[in-house]
Every structure is written in C-alpha cells, then in structure tokens.
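These notes concern the structure reproduced below.
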Amino acid sequence: FLRIQKKYLRPEAAIILPCLGLGISTFVMQASESVISVCFNASLLRYGGDVAVGAMTILTSVMQFAMLPLQGIGQGAQPITSYNYGAKNVDRVKKTLLGISLAYSVSFWVILQCFPALFAGIFTSDATLAAFTAKALRIYCGSLFLFGIQIACQMTFVAIGSALCSVIVA
3 FLRIQKKYLR
13 PEAAIILPCL
23 GLGISTFVMQ
33 ASESVISVCF
43 NASLLRYGGD
53 VAVGAMTILT
63 SVMQFAMLPL
73 QGIGQGAQPI
83 TSYNYGAKNV
93 DRVKKTLLGI
103 SLAYSVSFWV
113 ILQCFPALFA
123 GIFTSDATLA
133 AFTAKALRIY
143 CGSLFLFGIQ
153 IACQMTFVAI
163 GSALCSVIVA
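Here my numbering = 1-based position in the sequence shown + 2.
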C-alpha cells in the first residue's frame, strides 16, 4: 500500500522545469497560429469582406485536416522515438516517423492542389465562397508538403528531451 503524504506533493523544480521546457514548443506553435489567425481575420474583414473571412475559416479548417493527423502521428511516436534514441537506434527513428509524416503531408498536399474545390465544397454550398476558397487553398497550403518534416522534427526533439531545438522548430 502506498500512502499519500503531504511531503510528496510538493512541486520540485527538477521535475516541473523539464516538463515546461518540453511543452513550451507546442504552446509556441499554437499561440503563433492563434495570433496569425486573428491578424488574418482582421485584415480580411477590412480588405476582403465577408467572403474572404468565410474563406479563411474554411482554409484553417482544411489545414486542421492536415495538421491534426500529423500531430497525432508525432505524439504517438514519441515513446517509440525515445526508446530507440535511448537504445542508440537513431536510423530507425529517422526512417519511421519522418517517412510516415512526410508521406502523409505530401499526399495530402497533392490531393489538395489537384482538387481544391472538393475541400471547399465540404464546408459550403455557396458557389461564390467555394470558388474564392478553392483559389485561396492552393496558395494558403502551397508549402503544406513541408509540414511533415517540421512536425516530425519538432516531435522528435521533444521525444529526445531537446526542448530548445523543439522551440526553434516550432
């Protein structure tokens, strides 16, 4: 039996600081995306009107289709990455996580570039908004194929305990 005692519940800097350091990269990435989204929406409302703001909403939703699976793959692979890094199997780590993430992001990018109207049509039946969004999707997601590398690198740095590198990549 384990007894919960007050002396074991005190926060220890040796435990909390590394956790904060490793979690800050995800915070930086999410915070920067939020700030960019607010700036985009304010500018689009002023210069593009309601259609542009509606298109931006669809663009960010489509981007989530790409980013959430990549983040899930990266977070799911973190224990495997940590284990293989500790066991000095660095080549194994590079081949699995980077390969899967890159294959997903490139595949999604190709489909998106070939069929942007399909993705726009998922979110709206308004022909004007769908046409505007389809053109904008190709531009907005033009470098999406690189996100597989970025997410894989960021998650790998978290998994191996390199918080500073993870923040820089984020």
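No residue lacks a Cβ here, since even glycine has one placed at the ideal position from N, Cα and C.
Which first and last residues belong to the alpha helix (DSSP H) in which E35 is found?
-> 15-49
If you drop the 5 nearest sequence neighbours on each side, which residues of the same chain put their C-beta closer than 7 Å to that of L146?
-> A68, S107, F110, W111, L114
Note the first and the last residue of the continuous alpha helix (DSSP H) segment covering F147.
-> Here F147 belongs to no alpha helix (DSSP H), and DSSP marks it neither H nor E.
For V64, I'd like the list of residues in its chain whose CB is within less than 6 Å of its CB, leaving aside the five on either flank, ordered along the chain.
-> F121
Assess, as a yes-or-no matter, whether the segment 150-161 is touched by the segment 78-85 under the definition of 3 or more beta carbon pairs within less than 8 Å.
-> yes
Is the CB-CB distance between V169 and S36 below 8 Å?
-> no
Is DSSP giving T126 helix, strand or coil here?
-> coil
Counting pairs of Cβ atoms below 8 Å between the segment 50-58 and the segment 126-133, do you hit three or more?
-> Between the segment 50-58 and the segment 126-133, the count of Cβ pairs shorter than 8 Å is three or higher; the stretches touch.
So which of E14, L19, S39 has the shortest CA-CA distance to Y142?
-> It is S39.
Exposed unless 16 or more other CB atoms sit within 10 angstroms - verdict on P118 | Taking all protein chains shown into account, P118 has 16 or more neighbouring C-beta atoms within 10 Å of its C-beta and is therefore buried.
Backbone secondary structure at N86 - three-state DSSP = Looking at N86 - three-state DSSP - the assignment turns out to be helix.
Say the cut is 7 Å; is the CB of G76 nearer than that to a heavy atom of the ligand NAP?
-> No copy of the ligand NAP appears in this structure; indeed no ligand is present at all.
Quick one: what does DSSP say F3 is sitting in, helix, strand or coil?
-> F3 falls in the coil class under three-state DSSP.
Minimum C-alpha distance to G76 - residue among D93, P20, L104 | L104
Could you check which residue in K96, G150, L61, K90 has the C-alpha nearest to that of I124?
-> L61
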